[in-house]
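Position one of the sequence shown corresponds to residue 102 (my numbering), numbered consecutively onward.
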Amino acid sequence: MGHLLFSYAWNNVEGNRLSAGLRTNADFSKSWTLEGWGAYGTLDRRFKYNLAATHVLKPQELHPHCIRRRDDTEADCPADYWLHRH
């Protein structure tokens, strides 16, 4: 299960955002990691998700191979907005 700290958020676009996620560990596979999460915004009434599969060819390899599909709301950083407006 995902961290409880990240299961709830609020913002101006999505309103209340409720989310949950899962990720495998080394007990599942030493070379594969599967993960995913889903979220729902009460204001925009949209379901968002992320699905990913990561594969490490060699244990000493620093750059794993990853396939990811994501559908989420992107938001600019508030600091960037302030810097560009002032």
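All residues carry an ideal CB built from backbone N, CA and C; glycine is no exception. Treat the numbers as computed from the prediction; the structure is a model and nothing was measured.
Within its own chain, the residues whose Cβ lies closer than 7 Å to the Cβ of F107, once the five positions on either side in sequence are excluded, are S120, listed in chain order. Around the beta carbon of W138, 16 or more other beta carbons lie within 10 angstroms, which makes this residue buried.
For E162, there is no enclosing beta strand (DSSP E), as DSSP marks it with neither H nor E. Spanning the alpha carbons of P165 and L123 requires a straight line of approximately 19 Å. Ranked by Cα distance from E162, the options R169, A140, S132 are led by S132.
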